[in-house]
Every structure is written in structure tokens, then in C-alpha cells.
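S.K.: Number 532 marks the last residue of the first sequence (the working numbering); no jumps. Ideal Cβ positions, reconstructed from N, Cα and C, are used throughout, including at glycine. Here it is, the structure, as C-alpha cells.
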Amino acid sequence: MPKKIRDKVKDLLNSKEENASVIVKGWVRTKRDSKGGFSFLEINDGSCLAGFQVVADHTLPSYQAVASQLHTGSCVAVTGKLVASQGKGQQWEVHSSEIELYGSADAEKYPLQKKRHSFEFLREIAHLRPRTNTLGAVMRVRNRLSHSIHNFFQDRGFLYLNTPVITASDCEGAGEMFQVTTLDMDRLPLNNGKTDYSQDFFGKRTGLTVSGQLEGEIYAMALSDVYTFGPTFRAENSNTSRHLAEFWMVEPEMAFYDLDDDMDLAEQFLKFLMKDVMENCQQDMEFFNQRIDKTILQTLTDIVECEFERIHYSDAIHLLEKSGESFVYSVEWGCNLQSEHERYLSEKVFKKPVIIYNYPEEIKPFYMKLNEDKETVRAMDVLLPKLGEIIGGSQREDDLDKLTARMKEKEMDPEEYWWYLDLRRYGSAPHSGFGLGFERLVQFVTGMENIRDVIPFPRTPKHAEF
RNA sequence: UCCGGUGUGGCGCAACGGUAGCGCACUCGACUGUUAAUCGAGUUGUUAGAGGUUCGAAUCCUCUCACCGGAGCCA
Numbered sequence: 067m068p069k070k071i072r073d074k075v076k077d078l079l080n081s082k083e084e085n086a087s088v089i090v091k092g093w094v095r096t097k098r099d100s101k102g103g104f105s106f107l108e109i110n111d112g113s114c115l116a117g118f119q120v121v122a123d124h125t126l127p128s129y130q131a132v133a134s135q136l137h138t139g140s141c142v143a144v145t146g147k148l149v150a151s152q153g154k155g156q157q158w159e160v161h162s163s164e165i166e167l168y169g170s171a172d173a174e175k176y177p178l179q180k181k182r183h184s185f186e187f188l189r190e191i192a193h194l195r196p197r198t199n200t201l202g203a204v205m206r207v208r209n210r211l212s213h214s215i216h217n218f219f220q221d222r223g224f225l226y227l228n229t230p231v232i233t234a235s236d237c238e239g240a241g242e243m244f245q246v247t248t249l250d251m252d253r254l255p256l257n258n259g260k261t262d263y264s265q266d267f268f269g270k271r272t273g274l275t276v277s278g279q280l281e282g283e284i285y286a287m288a289l290s291d292v293y294t295f296g297p298t299f300r301a302e303n304s305n306t307s308r309h310l311a312e313f314w315m316v317e318p319e320m321a322f323y324d325l326d327d328d329m330d331l332a333e334q335f336l337k338f339l340m341k342d343v344m345e346n347c348q349q350d351m352e353f354f355n356q357r358i359d360k361t362i363l364q365t366l367t368d369i370v371e372c373e374f375e376r377i378h379y380s381d382a383i384h385l386l387e388k389s390g391e392s393f394v395y396s397v398e399w400g401c402n403l404q405s406e407h408e409r410y411l412s413e414k415v416f417k418k419p420v421i422i423y424n425y426p427e428e429i430k431p432f433y434m435k436l437n438e439d440k441e442t443v444r445a446m447d448v449l450l451p452k453l454g455e456i457i458g459g460s461q462r463e464d465d466l467d468k469l470t471a472r473m474k475e476k477e478m479d480p481e482e483y484w485w486y487l488d489l490r491r492y493g494s495a496p497h498s499g500f501g502l503g504f505e506r507l508v509q510f511v512t513g514m515e516n517i518r519d520v521i522p523f524p525r526t527p528k529h530a531e532f
């Protein structure tokens, strides 16, 4: 049996053993002194939202130090006995026999107070914000979601696939890439006036991945069902509460799935995750429901219980055209749906998640399967009320000639994608997949307004401090 | 990138073109079990930066920077 380091607060709160000897280690959230000769400390160790109350009285050898040096932010190790609390706020507390101060925190300088801070301010101290209730709760929920994403796919026999972060292939249409190079930027080797990438580390121009989809397809065409879950990068100058330059994406890719199967999986997936987080992060989710978004638990419950609406793109356009709403962007067949349109459909018309599918061919990437009408492709977007698009997916084009033709239409060079085309040349099969922005999921589930507050270290234009 | 808004003690905010103030935090004191403890006293400011208008600018004007919200791009 491994050595016991300490007792986690989460375990102590569920304890049944009165008078047990315990060691609590963590950071002081508040100290309440009573001149009768004792102090109450609230210790949080991140194992759960709640802290644990420690009573320190004057018989403690280190009481002088406790009273004078222990402030909010200090880290301590408390040895003592678990006893039923006389106070109202908690069932248990620790009566300390020894308190060791690991590290104090200057009360006049420590930036976190016992009161609520603005998220803007907390972003400026991203190295200390995980010590707040909200960020702690976000990270525990984020962790649970991450865990249950693996559970969902593993239970269904999907293989977890690690696709490369550095890549030479640009998943066309997915956005601008960050360039990866070891060339001396002040003295670039030239060839006919252009940068000579043959002298670069990989002998060609490379960048950070914008999607693992194409690589996912390679493995789906051998192992059937795979999923990726890893960091993704977009060098877009996006400044919104829903965009990051570095974010995590989940991308399942399934052989023998058509678009309907793809939509079924996406719907089951979202419902599974939302149900799981409500069951396994009760305390944190109640916190969000109380402090961040008072409707979030109801919203999640409704989504778990409802059936997602599924409509053709053409029908969506029709609905919008005859809606009588005055949109900033006018609607006509062939246009991209704008945020206002998506929100109208999911919030006003259906009041639940909506899957729109069969989009016009011109506005979607080359790899999506062309329908018989030759005008639309088997693409689908899952739209959530308030958040908008959370999942985008499609059935992939599995016909070599059609795929090559579409690439040429979009002015792409099929030679560069020879390996991708080989998948259609040798043992091609119908297959589908989708992508889910992980932070957007965390954002939706917690009710947090800004995506920068649901990732430990947000990367956005001009921001990479921490 | 575009549109709009904001920038004042450590934090959250107030102040008609006329002496920069409040709450919290912090420091000291009071209190025999506190829960955002409570009560009393006290400390804290180049009003984002540069220029301009004015007898006088936190306040009006110009530019720069930063942040927030919305839009575009998307996940």
C-alpha cells in the first residue's frame, strides 16, 4: 500500500469516522479569528469545491505563528482530529494539534480576496486564478468531460488516435496555420526571390495542425472507428468570446457510417457528456447554476431528454425567408448561415439543439460527399441555443473521380494529397466523422460566458503571457 | 479585422468643466464557535499614456495603448 501523503478534503467530507487522525494540506481561503483564543481556517485543496474547516486554538504550540502569519493564500499542513462541527455551515471539522506553515502569503500583496473578482481581472493573474471557486469548478468539470469523452468512445470500441501536431497538410478551409520553422527569420534562404523551404527542418513548409481529420480518415480506413482528442491551432485574428488560437478538438472518424449514422452519434455523444457531468460533478454544477447561469441545469436536462431537430439546409433557408424577422444579413439559398440565423432557428423556432444538414456544395470543403442532386454535400452542423455551432461533420467523399474533380474546382493540387486520394484508390469505403470544439463544450456545460475562462492558459491574439 | 463601450487606490465602482469619494481588501483595536463573521478607528491615488481647448480637465477634443461586448472567420 502506498504511503499516505494526506487526506483529501473531498474524502473527509464523506467521512463517517469520528475522532480519526487526519492530515489536511491545502491553501487557506479565509481565517476568522475569535479573541477567545482560537481561529477558524477554511482550507481548500482543489479536490472539491468546498473547503474544510480547521479549528486552531491557543493551546496549539504554533498558535502565535498561526494567528500572525496565516493569511488568505497561505499553504499549510494541518494535523488533527476529525470531529463533528458545532457550527452550522459544515458537518465535520478538524481540531488541529499541529499546523505547519509551508508557505505564507503577504496579506497586503496577495491579489486574491475573499470576495468575488471579475473574470477580466483574474485573466491578468492566470497563475493564481485556479485558486478561486469558479476556476476550480471549471477545471474539475473540464477534467470530467475529458474523462467521459474517452469513456464514450472506448465503450463503443473506438481507438484513441494521436495525430501529429506538426503537419505539412492544410485541411483546406479550416483556417490559417501557424508556421513551424527553424530557418533564421532575419536571413531567409532564397530561391528565385522566394523562401527556399527545402532548407527548412522538414525540407518543406510546415505548420501547426488545424485539424486531425485527414489523418483520422487514414486510420479509419484500416481500424474502422477512431477518435482524436488533442490540441489544434488557428492563426486567425479572431477576437470573440468563442474563439481561441489554441484549443482542443475531439474528432471521431468512422468507417461504414453514412451521414445519418454520423448525426446519431453526435447527438448521443452530446447527451452522454451532459448527463455524465450532471451525475459526477453535482457540487460544481450546482455552483454554476447558482452563481454563473441560473438556467444551466434545466437547459442541460432539457437537452438530454429532447430529440434534436434535424432539417435540411434548404428547409432552414425556407424557414428563415418566411420568418418575417429582419436580419442584418439577408438570406438566400447558397449563403452561409450567420450567427443570427442559427440563433433564430435554435432559440426561437425549435428551442432546442438543431442539426442542419445537406449544405450547398460551394460553401463546404472539398472532402465532403456530393449528394445525387450535385448541388449539396452531406455536411451537418449541430447548433446549440446561445452558443451556436458546437459540432461540424460530414460524410466524406469516397469516390476517387468525384473527389479529384472537387479538388480541381477549388483550385487545389491533387498531387499534394496523393496519400489522401490513395485511400479512395485502394479499398475505399463510405465513412464519416465530426469535430467538436472541446472548450466550447466546457463553456456550454458550465454556462461560462467567455471561452478564455474555461481553458487553463488561453491563447488569443496578443496573449501568450502564461 | 470592423462596429460600439470602458479605462479613477490592491479589487469593484462614484464624482454637473470647479477641494477625487464610497464599498470591499489591508493595518490596528474590540468580541468565547466563526461561515462573505460582526463592531470601531486608520492607511492607500502621476484619474491608462501623449498632446490640445480652458482661468481651471477624471470630465471636452485628437492620437496611441489596453480591456470588454457584438460582428466576420470558425470549433
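Determine which residues share a DSSP beta bridge with Gly146 and list them.
M.R.: Note: Gly146 sits in a beta bridge opposite Val88 and Ser162.
S.K.: Measure the alpha-carbon distance for Leu249 versus Phe267 and round it to whole angstroms.
M.R.: The straight-line gap from Cα to Cα measures roughly 8 Å.
S.K.: Given a threshold of 16 other Cβ atoms within 10 Å of its Cβ, counted over all protein chains shown, does Asn258 qualify as buried or as exposed?
M.R.: Flag for Asn258 reads exposed.
S.K.: Report the rounded CA-to-CA distance for Phe432 versus Asp328, giving the unit in angstroms.
M.R.: Roughly 18 Å between the two C-alpha positions.
S.K.: In whole angstroms, give me the CA-to-CA distance for Lys528 and Ile517.
M.R.: Their Cα atoms are separated by approximately 16 Å.
S.K.: At which residue ranges does the region 401–428 contain complete alpha helix (DSSP H) runs of 4 or more residues, listed in the order of the chain?
M.R.: If we require 4 residues or more, the alpha helix (DSSP H) runs fully inside the region 401–428 come out as 405–409.
S.K.: I need the straight-line Cα distance from Met320 to Pro522, nearest angstrom please.
M.R.: The straight-line gap from Cα to Cα measures roughly 31 Å.
S.K.: Taking all protein chains shown into account, decide if Gln220 is buried (16 or more other Cβ within 10 angstroms of its Cβ) or exposed.
M.R.: The residue is exposed, with fewer than 16 neighbouring Cβ atoms inside 10 Å.
S.K.: Any idea which residues DSSP pairs Phe187 with across the strands?
M.R.: Answer by DSSP bridge pairing: none, since Phe187 is not bridged.
S.K.: Determine the contact status of Tyr293 and Phe224, defining contact as a CB-CB distance below 8 Å.
M.R.: The answer is yes: Cβ separation under 8 Å.
S.K.: Using C-beta distances below 8 Å, list every residue in its chain close to Ser441, excluding the 5 sequence neighbours before and after it, in chain order.
M.R.: Reading off the sequence shown, one finds Glu at residue 441, where the question assumed Ser. The residues are Pro426 and Glu427.
S.K.: Report the option in Lys435, Tyr263 and Leu386 whose CA atom is closest to the CA atom of Ser412.
M.R.: Among Lys435, Tyr263 and Leu386, the Cα nearest to that of Ser412 is on Leu386.
S.K.: Determine the direct distance from the alpha carbon of Leu115 to that of Asn355, and round the result to whole angstroms.
M.R.: Answer to the nearest angstrom: the Cα atoms are 14 Å apart.
S.K.: Would you mind sorting Thr512 into buried or exposed? The rule is 16 or more other CB atoms within 10 Å of its CB.
M.R.: Under this definition Thr512 is a buried residue.
S.K.: According to DSSP, is Gln157 helix, strand or coil?
M.R.: If DSSP states are grouped into helix, strand and coil, Gln157 belongs with coil.
S.K.: With distance defined between alpha-carbon atoms, name the residue in Glu482, Lys418 and Ser290 nearest to Ile377.
M.R.: Here the closest residue by C-alpha is Lys418.
S.K.: Would the region 196–216 and the region 156–175 be scored as touching if the rule is three or more Cβ pairs under 8 Å?
M.R.: Judged by Cβ distances under 8 Å, the region 196–216 makes no contact with the region 156–175, as fewer than three pairs qualify.
S.K.: Compute the Euclidean distance between the alpha carbons of Lys414 and Phe299, then round it to the nearest angstrom.
M.R.: Roughly 33 Å separates the two Cα atoms.
S.K.: By how many angstroms is the C-alpha of Cys347 removed from the C-alpha of Leu336?
M.R.: Roughly 16 Å between the two C-alpha positions.
S.K.: What would DSSP say about His193, mapped onto helix, strand or coil?
M.R.: Three-state result, His193: coil.
S.K.: Could you check the C-alpha separation between Arg462 and Met473 for me, to the nearest Å?
M.R.: Distance between the alpha carbons of Arg462 and Met473 is about 13 Å.
S.K.: With 16 other CB atoms within 10 Å as the buried threshold, where does Tyr226 fall?
M.R.: It is exposed - the Cβ of Tyr226 has fewer than 16 other Cβ atoms within 10 Å.
S.K.: From this set, Asp77, Phe218 and Gly92, which residue's C-alpha is nearest Leu148's C-alpha?
M.R.: It is Asp77 whose Cα lies nearest to the Cα of Leu148.
S.K.: Taking its Cβ as the centre, do 16 or more other Cβ atoms sit within 10 Å of His497, making it buried, or is it exposed?
M.R.: Buried: at least 16 other Cβ atoms inside 10 Å.
S.K.: Going by beta-carbon coordinates alone, are Val88 and Val142 separated by less than 8 Å?
M.R.: Result no, Cβ atoms of Val88 and Val142 do not sit closer than 8 Å.
S.K.: Taking C-beta to C-beta, are Glu164 and Gly241 nearer than 8 Å?
M.R.: No; because the gap between Cβ atoms is not below 8 Å, this pair is not in contact.
S.K.: Using the rule of at least 16 other Cβ atoms within 10 Å of the residue's Cβ for burial, across every protein chain shown, is Leu256 buried or exposed?
M.R.: Exposed, because fewer than 16 other Cβ atoms sit within 10 Å of the Cβ of Leu256.
S.K.: Residues in its own chain within less than 6 Å of Asp350 by CB, not counting five upstream and five downstream?
M.R.: The residues are Leu115, Ala203, Arg206 and Val207.
S.K.: How many whole angstroms separate the CB atoms of Ser460 and Lys476, which I take to be in contact at a CB cut-off of 8 Å?
M.R.: That pair is no contact at about 15 Å.
S.K.: Checking 8 Å against the spacing of the C-beta atoms, do Glu546 and Val520 come in under that value?
M.R.: Summary: the structure shown does not reach residue 546, with the chain confined to residues 67 through 532, and so no result is reported for it.
S.K.: Measure the C-alpha to C-alpha separation of Glu373 and Phe295 and round it to an integer number of angstroms.
M.R.: If I take the Cα positions, the gap works out to 26 Å.
S.K.: Going by DSSP in three states, Val207 sits in which element: helix, strand or coil?
M.R.: Three-state DSSP puts Val207 in a helix.
S.K.: Look at the alpha carbon of Thr125 and the alpha carbon of Trp314, and state the distance between them as a whole number of angstroms.
M.R.: So the two alpha carbons sit approximately 52 Å from each other.
S.K.: Quick check: the Cα distance between Lys388 and Leu280, rounded to an integer number of angstroms?
M.R.: Taking the straight line joining both Cα atoms gives about 39 Å.
S.K.: Taking just the CA atoms, how far does Thr275 sit from Arg490?
M.R.: Rounded to the nearest angstrom, the two C-alpha atoms are 23 Å apart.
S.K.: Locate the beta strand (DSSP E) running through Tyr129, then write down its first and last residues.
M.R.: Segment Tyr129 to Gln135 is the alpha helix (DSSP H) holding Tyr129; no beta strand (DSSP E) there.
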